[in-house]
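A short write-up of the structure that comes next.
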Amino acid sequence: MPEEARGGWFQRLKQGLSRSASKIGQGVAGIFAGRSVDDASLDELEELLISADLGVATAAALVARLRAMRFEKDAGAEEVVGALADAIAELLAPVAKPLAIDPALKPHTVLVAGVNGTGKTTTIGKLAAQWRAEGKTVMLAAGDTFRAAAVEQLKIWGERAGCPVIARDEMGADAAGLVFDAYQKAKAEGVDILIVDTAGRLQNKSALMDELKKIVRVMRKVDASAPHSSLLVLDATTGQNAHSQVEVFREAVEIDGLILTKLDSSARGGVLVALAERFQLPVHALGVGEGLEDLRPFEAVSFARLLLGMEA
Ligand SMILES: Nc1nc2c(ncn2[C@@H]2O[C@H](COP(=O)(O)OP(=O)(O)O)[C@@H](O)[C@H]2O)c(=O)[nH]1
Ligand SMILES: [Mg+2]
157 MPEEARGGWF QRLKQGLSRS ASKIGQGVAG IFAGRSVDDA SLDELEELLI
207 SADLGVATAA ALVARLRAMR FEKDAGAEEV VGALADAIAE LLAPVAKPLA
257 IDPALKPHTV LVAGVNGTGK TTTIGKLAAQ WRAEGKTVML AAGDTFRAAA
307 VEQLKIWGER AGCPVIARDE MGADAAGLVF DAYQKAKAEG VDILIVDTAG
357 RLQNKSALMD ELKKIVRVMR KVDASAPHSS LLVLDATTGQ NAHSQVEVFR
407 EAVEIDGLIL TKLDSSARGG VLVALAERFQ LPVHALGVGE GLEDLRPFEA
457 VSFARLLLGM EA
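Residue numbering for the sequence shown is 157 to 468, as defined by my numbering.
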């Protein structure tokens with residue numbers, strides 16, 4: 157990756173995490189100013205982490221790690237932040253896994269689920285563009301059939317990325333039927349990757365979940381192991397509601413990885429740490445903007461450091 161592109165990426169991530177970073181950074185500085193690292197100060201640190209979206213269980217687990225460490229008598233905020241960054245990076249490392257595509261599958265199918273507005277369609281566009289740049293053939297299925305704008309948006313991304321978009325013109329068309337047709341077509345054409353966009357409206361949860369289940373069922377008629385990747389897209393500015401989104405979608409689909417978006421805009425980065433600790437689902441990538449290049453693999457160490465206001 158060119159240094160400039162890296163710089164741009166980290167700059168945007170850093171900017172997006174700056175609210176969390178200053179909250180935690182200043183909080184730690186305040187707690188440990190002129191005080192030693194002891195039970196009372198670590199209790200305060202635990203409270204601070206909870207208030208920074210890390211959640212009760214995750215904050216307790218992280219602080220337990222620090223309690224087990226021996227800090228020097230004169231250790232201050234800097235040592236605590238360093239130790240905390242290490243503990244967070246260690247917690248995040250097992251979930252930092254890029255999305256793996258099986259080249260033997262033609263197509264490898266990727267189902268993309270999530271609440272409306274979290275960034276599913278945008279993420280699909282970015283993934284398609286990246287895979288196209290690697291020389292893979294990609295097809296998109298416009299499974300969000302309820303809004304004309306959603307189909308249009310996917311078509312625009314398809315054009316940008318250079319891949320066909322399978323869509324139906326009538327609104328409210330049967331999404332599962334469309335996905336089935338797209339899958340057959342992708343298979344017949346030997347396409348490398350089929351990405352399936354889905355609807356995410358939550359006003360009728362059971363209808364939404366039924367539709368997702370139906371999409372999975374028809375995909376399994378083509379290949380019993382499909383969908384080969386089921387991604388849940390979460391908006392990182394959401395906060396604690398992300399937890400219930402994971403739970404709700406997992407009832408319908410076997411989610412096997414997360415993508416977090418909007419890490420460039422006042423993201424609640426602590427939520428990602430809490431999700432990692434609680435669900436241990438792979439975090440494949442982070443979105444830091446609306447452009448084709450703004451999706452990158454998730455890196456545990458740099459994320460932990462930026463979250464605490466340290467240099468990446
Ligand atoms: N700042 C920012 N905006 C994003 C990101 N990803 C998506 N968006 C924007 O969020 C809005 C909803 O995205 P969309 O892909 O339509 O969400 P969907 O309803 O889940 O398909 C759009 O305005 C996108 O441009 C991101 O990583 N950063
Ligand atoms: Mg969409």
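Glycine included, each C-beta is placed from N, C-alpha and C at the ideal position.
For residue i, write down the residues that DSSP places opposite it in a beta bridge.
| i | result |
| --- | --- |
| Leu298 | Note on identity: in this sequence residue 298 is Ala, with Leu being the wrong assignment. Bridge partners of Ala298: Asp353. |
| Ala285 | Per DSSP, none; premise fails for Ala285. |
| Thr278 | Thr278 pairs with nothing; no bridge assigned. |
| Asp391 | Thr417 |
| Thr293 | Note: Thr293 sits in no beta bridge, so no partner. |
| Arg452 | Leu442 |
| Val106 | The structure shown does not extend to residue 106, since the chain is modelled only from 157 to 468, so the question has no answer here. |
| Ala252 | Val439 |
So for residue i, helix, strand or coil by DSSP?
| i | result |
| --- | --- |
| Ser386 | strand |
| Met157 | Confidence is the limiting factor: at Met157 the pLDDT is only 49, short of 50, which leaves the residue's position unreliable and the question unanswerable from this model. |
| Gly328 | coil |
| Phe459 | helix |
| Val193 | coil |
| Gly465 | coil |
| Ala216 | helix |
| Ser400 | helix |
| Gly273 | coil |
| Asp199 | helix |
| Ile257 | coil |
| Gly346 | coil |
| Glu410 | coil |
| Ala241 | helix |
| Gly447 | coil |
| Arg316 | helix |
| Arg303 | coil |
For residue i versus residue j, is the C-beta distance shorter than 7 Å?
| i | j | result |
| --- | --- | --- |
| Ala430 | Thr214 | yes |
| Thr265 | His384 | yes |
| Gly346 | Lys262 | yes |
| Ala338 | Lys369 | no |
| Val457 | Ala245 | yes |
| Gly181 | Leu419 | no |
| Leu388 | Gly270 | yes |
| Ser386 | Glu410 | yes |
| Gly183 | Leu204 | yes |
| Leu296 | Ile351 | yes |
| Leu177 | Gly465 | One detail in the question is off: residue 177 reads as Ala in this sequence, not Leu. Contact flag set, yes. |
| Ala217 | Arg461 | no |
Using 10 angstroms around the beta-carbon of residue i, count the other beta-carbons present and answer buried if the total reaches 16, otherwise exposed.
| i | result |
| --- | --- |
| Asp209 | buried |
| Met157 | Its pLDDT being 49, under 50, Met157 is placed unreliably by the model, and the measurement read from it follows with that caveat. It is exposed - the Cβ of Met157 has fewer than 16 other Cβ atoms within 10 Å. |
| Val219 | buried |
| Met327 | exposed |
| Asp450 | buried |
| Ala477 | Nothing about residue 477 can be reported from this structure: the residues present for the chain run from 157 to 468 only. |
| Glu433 | buried |
| Gly318 | exposed |
| Pro438 | buried |
| Arg168 | buried |
| Ser381 | exposed |
| Met225 | exposed |
| Val212 | exposed |
| Glu234 | exposed |
| Lys282 | buried |
| Gln436 | exposed |
| Gly186 | exposed |
| Lys170 | buried |
| Arg452 | buried |
| Glu159 | Low per-residue confidence applies at Glu159: pLDDT is 46, beneath 50, and the placement is therefore not dependable, though the value from the model is reported in the following sentence. Exposed, since its Cβ has fewer than 16 Cβ neighbours within 10 Å. |
| Gly443 | buried |
| Thr274 | buried |
| Asp195 | exposed |
| Glu403 | exposed |
| Ile322 | buried |
| Gln396 | exposed |
| Gly314 | buried |
| Phe459 | buried |
| Arg373 | exposed |
| Glu445 | Correcting the residue identity first, residue 445 is Gly in this sequence and not Glu. By the 10 Å Cβ count, Gly445 comes out buried. |
Since residue i is in the beta strand (DSSP E), which residue starts that stretch and which ends it?
| i | result |
| --- | --- |
| Val268 | 264 to 269 |
I need the boundaries of the alpha helix (DSSP H) containing residue i, first residue and last residue.
| i | result |
| --- | --- |
| Met225 | Looking at the DSSP string, Met225 is not in any alpha helix (DSSP H), and its letter there is neither H nor E. |
| Leu368 | 361 to 378 |
| Val184 | 174 to 188 |
Compare the C-beta of residue i against all C-beta atoms of chain C and say whether one is closer than 7 Å.
| i | result |
| --- | --- |
| Arg191 | Looking at the structure shown, chain C is missing, and only one protein chain is on hand. |
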